[in-house]
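Some notes on the structure that comes next.
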């Protein structure tokens, strides 16, 4: 009877320690998943900002004056591409 009780207590202790290890692994996985979600959101935000920045690039045409100097007043049009 005594050995059965010790064996049972030993098995219970092993199972509890296994459960604690699994809980620790689950906590690590949860932290990893949260960090991954934050990184994905940041990546999406950065990519969207890059698209907006590229859309704001403009090109202007500057025409030369008769006296061969360039003047900003002679800008005919600005195209956004």
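In the working numbering, the protein residues as written are 1 to 81.
Heads up, the beta-carbon is just placed ideally off N, CA and C, and yes, glycines get one too.
query: Inter-residue spacing [alpha-carbon to alpha-carbon] between residue 32 and residue 10; result: 33 Å
query: Through-space distance from residue 14 to residue 24, alpha-carbon basis; result: 15 Å
query: Residue 78 burial status per 10 Å Cβ neighbour count (16 or more: buried); result: Any answer about residue 78 is weak, because its pLDDT of 48 lies below 50 and its placement is not dependable; what the coordinates show is given next. The residue is exposed, with fewer than 16 neighbouring Cβ atoms inside 10 Å.
query: Buried versus exposed call for residue 76 [16 or more other C-beta atoms within 10 Å across all chains shown]; result: Any reading at residue 76 needs caution, since the residue's pLDDT is 49, under 50, leaving its predicted position unreliable; the model's value is listed next. Flag for residue 76 reads exposed.
query: The ligand FMN heavy atom lying under 6 Å from the CB of residue 33; result: The ligand content of the structure shown is nil, which means the ligand FMN is not present either.
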